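Just so you know, our numbering puts the end of the sequence shown at 138, numbered straight through with nothing missing. We treat Cβ as the ideally placed atom computed from N, Cα and C, and that holds for glycine. Just so you know, these numbers come straight off a predicted model, no measurement behind them. The block underneath contains the structure these notes are about, expressed in structure tokens.
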Amino acid sequence: FKIRVTGSNLKAAQLSGINTNNIILSSMFISGGLAGLAGVEQVAGIHHSFISPFPEGMGFLGIAVALVGRNNPIGVIFSAILFGALSAGGARVDMLTSVPREIIFVLEGIIILFVASEYLYSLLSNRKKIKEETHV
Numbered sequence: 003f004k005i006r007v008t009g010s011n012l013k014a015a016q017l018s019g020i021n022t023n024n025i026i027l028s029s030m031f032i033s034g035g036l037a038g039l040a041g042v043e044q045v046a047g048i049h050h051s052f053i054s055p056f057p058e059g060m061g062f063l064g065i066a067v068a069l070v071g072r073n074n075p076i077g078v079i080f081s082a083i084l085f086g087a088l089s090a091g092g093a094r095v096d097m098l099t100s101v102p103r104e105i106i107f108v109l110e111g112i113i114i115l116f117v118a119s120e121y122l123y124s125l126l127s128n129r130k131k132i133k134e135e136t137h138v
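Written out as structure tokens, the structure is:
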């Protein structure tokens, strides 16, 4: 609860007596530890050695998964499955047809644009409502 409050509104969390610095640092330690475990799993479990050109763009794909999943744990699971299926399907489409694999990046971009446009629309409509309430 404290992590969600701190992430949603830092000022409100501070005013309610939550030690926000402690929450931020502990969240960073936990996420860093989880990232380290994922790295260990990649090195020790799959490849058994460190491979220098780690998949580029994986961090940006993680941001896209979180965005499409709306930072909801269940939504992120479905979003990750969607992007994973697109990625795996892209390799298959490239092998079986003359469609280039890069079309998957275009599809991912379109999905991200639609989700981001919904965020932008809600932000603009909220601003319009606030302006109307203050002018009345």
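### Task
Write down every uninterrupted run of the alpha helix (DSSP H) in the segment 63-120 whose length is 4 residues or greater and which is fully enclosed by it, in chain order.
Secondary structure in the segment 63-120: the alpha helix (DSSP H) runs of 4 residues or longer, each lying completely within the stretch, are 75-98 in chain order.
### Buried/exposed call for VAL70, threshold 16 Cβ in 10 Å
Around the CB of VAL70, 16 or more other CB atoms lie within 10 Å, so the residue is classed as buried.
### Query
With DSSP run on the structure shown, which of helix, strand or coil describes PHE3?
Coil at PHE3, not helix or strand.
### Query
Just to confirm, are ILE26 and VAL7 a CB contact at a threshold of 8 Å?
Against a cut-off of 8 Å, the Cβ pair of VAL7 and ILE26 comes out as no contact.
### Query
In the structure shown, what three-state DSSP assignment does ASN11 receive?
Shown here, ASN11 sits in coil according to DSSP, grouped into three states, outside any helix or strand.
### Message
With a threshold of 8 Å on Cβ separation, who are the neighbours of ILE114 within its own chain once the five nearest residues in sequence on each side are excluded?
### Response
Annotation for ILE114: ALA66, LEU69, VAL70 place their beta carbon closer than 8 Å to its own, counting only its chain and skipping 5 residues before and after.
### Query
Between the beta-carbon of ILE106 and the beta-carbon of SER89, is there less than 8 Å?
Yes. Within cutoff.
### Message
Can you check which of these residues, ASN74, GLY34, LEU63, is closest to ALA87 by C-alpha distance?
### Response
If you compare the alpha carbons of ASN74, GLY34, LEU63 with that of ALA87, the shortest gap goes to LEU63.
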